[in-house]
Structures are given as structure tokens and as C-alpha cells.
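Residues in the sequence shown are numbered from 61 upward in steps of one, following our numbering.
Written below as C-alpha cells is the structure these notes are about.
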Amino acid sequence: MFSGLTEQLRNREQQGLRRVRQIVDSPQASHVTVGGQDYLAFSSNDYLGLANHPALIQAVCEGTQRYGVGAGASHLINGHSVAHHQFEEAAAAFTGFPQALLFSTGYMANTGVVTALAGRDDAIFADKLNHASLNDAALLSRAKFVRYPHLNLVVLEKRLAATQARRKLVISDAVFSMEGDIAPIAQLIALCERYDALLVLDDAHGFGVLGQQGRGSLHTTQELVAHSPHVVYMATLGKAAGVFGAFVAAQPEVIETLIQSARSYIYTTATPPALSHALLTSLRLIEQEEWRREALAQHIAQLKQGLQSLPWKLLPSSTPIQPLLIGDSAEAVRISQGLRERGILVPAIRPPTVPQGTARLRISLSAVHQPQDIARLTDALHELAAMP
Ligand SMILES: *Cc1c(COP(=O)(O)O)cnc(C)c1O
61 MFSGLTEQLR NREQQGLRRV RQIVDSPQAS HVTVGGQDYL AFSSNDYLGL
111 ANHPALIQAV CEGTQRYGVG AGASHLINGH SVAHHQFEEA AAAFTGFPQA
161 LLFSTGYMAN TGVVTALAGR DDAIFADKLN HASLNDAALL SRAKFVRYPH
211 LNLVVLEKRL AATQARRKLV ISDAVFSMEG DIAPIAQLIA LCERYDALLV
261 LDDAHGFGVL GQQGRGSLHT TQELVAHSPH VVYMATLGKA AGVFGAFVAA
311 QPEVIETLIQ SARSYIYTTA TPPALSHALL TSLRLIEQEE WRREALAQHI
361 AQLKQGLQSL PWKLLPSSTP IQPLLIGDSA EAVRISQGLR ERGILVPAIR
411 PPTVPQGTAR LRISLSAVHQ PQDIARLTDA LHELAAMP
């Protein structure tokens with residue numbers, strides 16, 4: 061009955077593509093324990109080191125005492141707690157939008173936004189290296205799905221100029237999750253204004269890390285650009301914010317449209333209100349603790365300096381995502397394995413997650429790493445580079 065599946069799984073195994081989950085038995089931090097063993101980890105998206113912050117742990121406890129554990133219902137029935145509502149207001153104010161809406165996950169926010177804003181008669185224009193959730197969202201919407209080469213706005217403009225679609229949506233990661241590079245946000249917004257399109261900007265890796273006080277990628281541009289009515293901004297809350305969830309910030313008409321028709325918002329239970337309560341503390345830490353972004357900047361500089369003379373090159377990135385390009389998949393796995401034997405976790409990312417021939421180590425840095433942690437990683441990589 062399952063012979064097809066068995067064969068598929070065997071093929072995957074034989075191609076060295078079978079994924080396994082490692083069981084982590086510590087909190088997420090610069091060091092984690094896996095199977096009782098301590099590792100120095102460069103593998104999480106906890107860029108600011110908030111996932112295990114005492115103030116957030118305390119806020120979750122306080123939140124559960126005040127609101128209980130489960131939300132009990134979806135937002136439109138009676139699961140919309142004052143804690144959710146307060147977080148939405150704080151997130152809108154922090155990012156500089158009139159309104160924001162909390163989603164359970166970034167994946168759900170992307171599918172909700174894209175399917176609510178585009179349908180059969182519409183067209184979606186997407187960067188080739190966008191996150192999988194944006195691609196899935198576009199397919200689910202049934203709109204015409206047009207992908208342009210990574211960061212190539214000349215091609216994007218040609219496609220925008222040629223379309224007959226009723227409504228036009230441009231969707232892009234702000235910081236690309238496997239490259240660490242940043243989309244040309246101001247130019248994307250200018251194109252959307254010129255062609256009367258909406259820009260859905262996924263800032264999963266920029267929120268908390270980039271922009272003034274961690275307000276996100278839009279705040280690396282001019283004031284005027286950051287407030288364009290053509291932008292629908294999405295940020296996730298399980299990465300730099302250290303908790304869980306996502307929010308969308310936009311003009312009131314867009315948010316109201318999402319409340320009325322985003323299916324991944326309507327047909328699901330609201331997240332535990334205690335998480336929203338903790339997220340208020342997270343926003344405060346993001347805003348006030350500039351030292352975390354400064355530490356990240358120093359780690360990035362130290363890593364770049366330390367890896368200069370390696371045979372492998374870092375991709376050009378100014379974000380905490382620092383991919384080391386290896387090329388060959390088996391070689392990337394060998395190096396990742398070698399690091400692991402030295403007590404260091406860095407995942408090897410292979411096709412189909414990244415284009416053929418571009419297997420890489422995805423080094424991700426956190427504010428709570430120490431300079432000696434970065435030194436340990438660069439030393440280990442030099443040692444592995446010297447080995448046959
Ligand atoms: C992680 C990620 C998401 C999904 O967010 P979750 O809250 O983990 O579901 C969406 N987009 C990008 C670019 C991401 O990296």
C-alpha cells in the first residue's frame with residue numbers, strides 16, 4: 061500500500077537528502093545541548109539572544125497567571141484577548157504603521173495576506189529566492205505567478221509594465237533567509253508606486269535587527285519611503301523577537317480586508333495570550349537594548365576578518381546571516397560534520413533549498429555569542445580547510 065512512499069524515501073536516503081531532527085534538550089542560546097552533549101551553536105534565528113531571556117520567561121509566567129494558557133477560540137469568535145490587542149497596537153506604533161494584525165506564524169501570515177489580496181484575475185511578482193511560505197501563498201492564491209531573477213528590478217519592471225492583471229502584488233523577502241542579503245526596498249517601493257502595485261515585504265530576518273532601534277528593514281530607508289501606503293509589512297516574532305508568532309502592519313483598509321477574509325487568520329485558534337503579553341516585553345527589549353545590535357555588528361566584523369584567507373568565501377552580507385559558500389553538497393556536509401565533531405553546530409544548506417552547486421554553511425550569529433565563540437568557529441574552519 062505504501063510501496064510508492066517507501067521507494068521515494070529510499071531514493072531520498074540514497075541521494076543523501078534525508079533530513080533528521082536533532083533533539084535539543086536545553087533552551088535556545090549560544091550553547092545548546094543535543095543528546096546530553098554541549099555544542100556552541102551558530103544555527104538559530106535567535107539573533108538578539110532573547111529566546112531564553114529572564115524577563116521574557118517571567119512575562120510568560122505573569123501572562124499565564126493573568127490570562128490562563130489557551131486562547132480557547134479564534135479571534136473572530138471570542139479568542140481575541142486584550143493582550144493580543146495591546147500587542148497589535150504596540151507593533152503598529154513601533155513599526156510606524158496605522159494598524160497591525162497578529163497571526164499565529166509567519167507562514168500563516170504570508171498565506172493569509174497574499175490570498176486575501178490577490179485572486180484569479182490578479183498577478184503576483186516574486187523574487188526567485190523568496191521564502192517557501194511566500195511561494196506557497198502565491199500558488200494558493202490562484203493568481204498569475206511571475207518570478208523574477210534574484211534582486212533583478214529591470215526584469216521586474218518589464219513584467220509589471222507588460223501585465224494586464226487587475227491587481228498587482230510584488231512580494232519579496234526584505235532579508236533573504238539563505239543569502240543574508242537585503243532587497244533594494246526603496247526601489248521596490250518606487251516601482252510599486254509607479255505601477256500601482258502593492259509590495260508585500262517579509263521582514264522575518266530584519267525585524268529587531270535592522271533599522272533604528274530594531275524597527276525593521278523599512279527603517280533603513282528614508283522616512284517618506286518607510287510610510288508608503290503601497291507597503292504591506294510582515295514580521296515574524298519567533299526569530300529576533302525570541303517568542304512566537306508574526307504580525308502584518310499596513311493601512312487600515314488592508315488590515316480590515318485581512319480580518320474579513322484572510323483564511324489563515326479566521327479559521328484558526330488564537331495564540332496563547334500570554335505570548336502576546338511577553339511580546340510587549342520583547343518589543344521593549346528590542347527598542348532599548350542597542351548593545352545587542354552593536355554586539356552583532358562586532359561579531360559580523362570579527363567573522364569576516366577571521367575567514368578572509370579561507371578557500372571558501374562568505375557571501376556578501378551585512379546581516380547576522382553569514383553564508384559560507386562551499387558549492388559541492390557532499391563537501392558542505394563534510395565540513396558541517398567536522399565542525400560538529402569539534403562541538404560546533406552550523407547547518408549545511410543544500411539544494412533544493414538553495415540553487416544547484418551553491419551548497420553552503422549557514423552561519424547565524426547572535427548577540428549573546430562571545431568574541432571567543434567566533435574565534436573558536438574561525439579556528440575550526442581553518443583547521444578543516446587544511447585537511448584533505
Ligand atoms: C521563518 C520565515 C517565515 C516563517 O515564519 P514562522 O513564524 O516561522 O512561520 C517566513 N518568511 C521568512 C523569510 C522566514 O525566514
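Glycine is no exception: its CB is placed at the ideal position from the N, C-alpha and C atoms.
All of these numbers come straight from a predicted model, not from anything done at the bench.
Buried versus exposed call for E149 [16 or more other C-beta atoms within 10 Å across all chains shown]:
exposed
Taking the C-alpha atoms as reference points, what is the distance between R353 and Q74?
42 Å
Mind checking who S237 pairs with in its DSSP beta bridge?
According to DSSP, which records beta bridges pairwise, S237 is partnered with nothing at all.
Distance between V314 and D256 (C-alpha atoms, nearest Å)
15 Å
Taking DSSP as the reference, what is the three-state secondary structure of S377?
coil
Ignoring anything shorter than 3 residues, give me the beta strand (DSSP E) runs that lie fully in the region 91-143, in order along the chain.
91-94 and 97-101
Quick one: residues in its chain with C-beta nearer than 8 Å to the C-beta of I245, no 5 flanking neighbours on either side, listed in chain order?
A234, L261, S277, L278, T280, T281 and V285
Determine the DSSP secondary structure at P383, reduced to helix, strand or coil.
strand
Helix, strand or coil, according to DSSP, for M168 in the structure here?
helix
Counting pairs of beta carbons, one from the region 95-112 and one from the region 321-332, are three or more of them closer than 8 Å?
no
Can you check which of these residues, L399, A151 and G268, is closest to L309 by C-alpha distance?
The amino acid at residue 309 is misidentified as Leu; the sequence shows Ala. Among L399, A151 and G268, the Cα nearest to that of A309 is on A151.
For I83, which residues of its own chain have a beta-carbon under 8 Å away from its beta-carbon, when the five flanking residues on both sides are left out?
V94 and G95
Distance, H135 Cα to S103 Cα:
33 Å
Paired residues, beta bridge with M294 - DSSP
D262 and V308
According to DSSP, which residues form a beta bridge with V230?
F185 and L259
Here's the rule: buried if 16 or more other CB atoms are within 10 angstroms of the residue's CB, otherwise exposed. What is L229?
buried
Straight-line CA distance for H265 to A361?
19 Å
Considering only DSSP beta bridges, list what R353 is partnered with.
Paired residues: none, contrary to the question.
Does ligand 1 have even one heavy atom less than 7 Å from the beta-carbon of D262?
yes
Please identify the residue among G305, F304 and D263 whose C-alpha is closest to the C-alpha of V292.
D263
Which of the three DSSP states is assigned to T329 in this structure?
strand
Could you check what DSSP says for S424 in three-state terms: helix, strand or coil?
strand
Leaving out the 5 sequence neighbours to the left and right, which residues in its chain are closer than 6 Å to A169 when beta-carbon positions are compared?
F163, M294, A306 and V308
Under a three-way DSSP split, which group does A419 fall into?
strand
Beta-bridge pairing of I404 - partner residues as DSSP gives them:
L100
By Cβ distance, which residues of its chain are closer than 7 Å to L318, with the 5 residues on each side in sequence left out?
L161, G172, V173, A176, V308 and Y325
Tell me, please, whether the region 405-425 touches the region 368-382 by the rule of three or more beta-carbon pairs shorter than 8 Å.
yes
For a quick check, are the C-beta atoms of R420 and V428 less than 8 Å apart?
no
Note down the Cα distance separating R207 from T155, rounded to an integer number of angstroms.
28 Å
Put F147 into one of helix, strand or coil per three-state DSSP.
helix
Whole angstroms is fine: what's the gap from E391's alpha carbon to G398's?
10 Å
V142: buried (16+ other C-beta within 10 angstroms of its C-beta) or exposed?
exposed
From E122, I386, H359 and P407, pick the residue whose C-alpha is nearest to that of A445; which is it?
I386
Determine, using beta-carbon pairs with one atom in the region 269-276 and one in the region 340-351, whether at least three such pairs fall under 8 Å.
yes
Spatial neighbours of D388 in its chain, beta-carbon cut-off 7 Å, leaving aside the 5 residues before and after
A419
What would DSSP say about Q430, mapped onto helix, strand or coil?
coil
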